[in-house]
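In my numbering, the protein residues as written are 409 to 1183. Take a look at the structure below.
In structure tokens, the structure reads:
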């Protein structure tokens, strides 16, 4: 679906908020990783604390024993006590830090300072006394100091502390060797130095490796914890739930919100078959057996809260050996979404005025019935109904009472047809009945006579008695036609024949209806002649601003004054023009004439022309429009094209392509009679429409039906979300005008502001500059 672009300032705010959130998440992740790293270092240090302390003490005892007799014993004893006490305290601090009891102030520098202190204390006496010792004692001291350098592996978890320990002892060792260099042989000095260098290299390698492993472990732990936190947040506050099954499709894990919805505890569900728990869906079982990723698998689920719809997505779990281990995925409750879709679908397939299926739905029902008949079932039938003498009802009593009559007709039809078929409204005063089981054609004849008699009964509207009739044309499938269009055409021919026979009667399609065909042929010939001789003309109906009531433009309406037939209704010749292809040159003439008229009006006045589905199949249409605009030097934004939803019943892609080419010229494209045809909701995201026109039946119904008001509000809101203009048609009273204006309609069209008028009258209205109520 196409959405209007976000304003730049809003985009900047959204981007700033996203950046702030990302920075906060990154900061939290870094803090979590540092915390895990510190914890790992502290635990590793505590694990080696006893080894480190015991090694220090044992080395000190060895050095003390080597110096005994050659150095004052009190100094040796004091040094040993100090080393033991310091290492015991260091071990205790490491254990307390692991338990969380050690102070955290200055924590970063505690370990390095502690290492330096312990190293200085341990090496102080051996370094000082080294030069005065016998060679045997010097060898022991040098070896012990080399061992002490190696004990830095116990501090590897704290790289800074390990390096401080090694540096201090190495420095002390070098000082001791320097002081005793006069009495030590060169080869022994070189041995001491080489041993110290090897110890420093090895310990440095181990320290770096240990540090890298701790950092990597801390990173993995922080990421895993972040994922766990996000999953908990998703399960507690998100709209979905998580699941995992093993290779046998047995449940390993399922979110608590889902088990609660099922009315069972997690321990009761674990180990059970996943498809069985979700209602025994064979589709789910087959999907899992395929062992391939899937998404948006919709399942109907019966729960304690009633029937719910779930959408499942999952991915196979493969271990490091490439073996299949099961599935894991997410589920989403889409019940509300499906209900919304069903409401929109019903709205798109329902005639607002009568509550019956609209034209598109009737076609669907007829298609289903015809498929059943072609598959070997009983024949089906389509009955076309056209009300007789209904136009005088609108002319005499007005459209509001005419709408009441139409609703009454719908009710009577539903009552008479009952369960034997489906009743729909095709538009205007035309209805249809689809009968799916016609084992005996006499049943259709009986039904047709009952309908004629029922409609002939007078309608009492506000104490006024209104009488109308109905003519019926019928076709049977598959004998009269093997496609929906074919059957509808045959039923329409039969209807025309019924009207020709005197109306208030019925007629089945007969292959010998030559009179009808000849009449159509004559009308086709007359239309071609009328285009050549100029019998067609355009009338213009005003379009006004709902707030200021100023004139904004006109809708151009074609009229045919035949020298013999008189005024021919567009309802009669437009369908024939579409069927025969005359609509192509006729439409080009309308565009030329509308551009010629608009070019003589003010620059702020627009003109709209209607396009039929047949015109949109012509790739030459954009070229014809471009030529007309150029010929009369009319800016493209002053010309609008109006299409109805019926243009999408055929070549949808081709029609949209032509509309996009027209839009690219700069023209406005309006969707006319919105909501009364097949389905317009699916085409609003095609980025071609700039205006929605609300059908007059909505306008009139809104005066008495609150549901219709709600529908109009929804249409206005929908148009607003797509940044479209909304025009209300068929406004005939001041009350209708006020209501449509208050509901948010931007433009008004109807008899209240003017009936279709000649070019001269339209020009006079343009010159006045203000539409007059009741004009």
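Cβ coordinates follow ideal geometry from the N, Cα and C atoms, glycine included.
Exposed unless 16 or more other CB atoms sit within 10 angstroms - verdict on residue i
i: residue 999; result: buried
i: residue 557; result: buried
i: residue 905; result: buried
i: residue 552; result: buried
i: residue 1176; result: exposed
i: residue 728; result: exposed
i: residue 1168; result: exposed
i: residue 1101; result: buried
i: residue 979; result: exposed
i: residue 676; result: exposed
i: residue 496; result: exposed
i: residue 1039; result: exposed
i: residue 1146; result: exposed
i: residue 878; result: buried
i: residue 873; result: exposed
i: residue 910; result: exposed
i: residue 356; result: What the structure shows of the chain is the stretch from 409 to 1183, and residue 356 is not part of that stretch, so it cannot be assessed.
i: residue 1135; result: buried
i: residue 1041; result: exposed
i: residue 823; result: exposed
Residue i to residue j span [Cα, whole Å]
i: residue 1004; j: residue 960; result: 17 Å
i: residue 666; j: residue 726; result: 25 Å
i: residue 530; j: residue 598; result: 23 Å
i: residue 708; j: residue 717; result: 5 Å
i: residue 944; j: residue 827; result: 47 Å
i: residue 694; j: residue 684; result: 13 Å
i: residue 550; j: residue 465; result: 16 Å
i: residue 816; j: residue 735; result: 58 Å
i: residue 432; j: residue 651; result: Below a pLDDT of 50, predicted positions are generally treated as unreliable, and residue 432, at 45, falls in that range; no measurement from the model is reported.
i: residue 1027; j: residue 1066; result: 7 Å
i: residue 657; j: residue 779; result: 39 Å
i: residue 886; j: residue 918; result: 14 Å
i: residue 472; j: residue 458; result: 21 Å
i: residue 1149; j: residue 954; result: 6 Å
i: residue 787; j: residue 839; result: 21 Å
Residue closest to residue i, alpha-carbon to alpha-carbon, out of the options
i: residue 699; options: 913, 749, 730, 460; result: 730
i: residue 581; options: 938, 532, 1070; result: 532
i: residue 1162; options: 967, 951, 1047; result: 951
i: residue 692; options: 711, 832, 739; result: 739
i: residue 903; options: 891, 882, 886; result: 882
i: residue 972; options: 1052, 934, 467, 862; result: 934
i: residue 829; options: 764, 567, 806, 1067; result: 764
i: residue 1062; options: 563, 488, 1022; result: 1022
i: residue 900; options: 805, 791, 811; result: 791
i: residue 863; options: 890, 798, 916; result: 798
i: residue 712; options: 997, 1170, 669, 548; result: 669
i: residue 463; options: 697, 847, 536, 559; result: 559
N-terminal and C-terminal residue of the beta strand (DSSP E) that residue i is part of
i: residue 761; result: Per DSSP, residue 761 belongs to no beta strand (DSSP E) and is neither H nor E.
i: residue 999; result: Counting along the chain, residue 999 falls outside any beta strand (DSSP E), though it belongs to the alpha helix (DSSP H) covering 991–1006.
i: residue 661; result: 659–662
i: residue 678; result: Element bounds for residue 678: n/a, residue is neither H nor E.
i: residue 791; result: 788–796
i: residue 1014; result: 1014–1018
CB-CB length for residue i against residue j, believed under 8 Å
i: residue 534; j: residue 572; result: In fact, because the Cβ distance is near 19 Å, the residues do not count as touching under 8 Å.
i: residue 965; j: residue 984; result: Contact flag wrong, Cβ pair sits at about 17 Å.
i: residue 721; j: residue 704; result: 6 Å
i: residue 1109; j: residue 760; result: 6 Å
i: residue 813; j: residue 859; result: Going by Cβ atoms, the distance from residue 813 to residue 859 rounds to 15 Å, so no, they are not a contact pair.
i: residue 1138; j: residue 1096; result: Contact flag wrong, Cβ pair sits at about 24 Å.
i: residue 587; j: residue 538; result: 6 Å
i: residue 570; j: residue 526; result: Not quite, the Cβ-Cβ distance comes to about 12 Å (not below 8 Å), so this is no contact.
i: residue 1103; j: residue 1130; result: 18 Å between Cβ atoms; not a contact.
Span of the alpha helix (DSSP H), counted from its first residue to its last, around residue i
i: residue 557; result: 543–558
i: residue 854; result: 849–864
i: residue 912; result: Element bounds for residue 912: n/a, residue is neither H nor E.
i: residue 719; result: No alpha helix (DSSP H) holds residue 719; the beta strand (DSSP E) holding it covers 714–726.
i: residue 811; result: 807–825
i: residue 1117; result: 1114–1129
i: residue 691; result: 690–697
i: residue 1105; result: 1104–1109
Proximity test, Cβ basis, 9 Å: residue i and chain B
i: residue 960; result: Protein chains in the displayed structure number just one, and chain B is not present.
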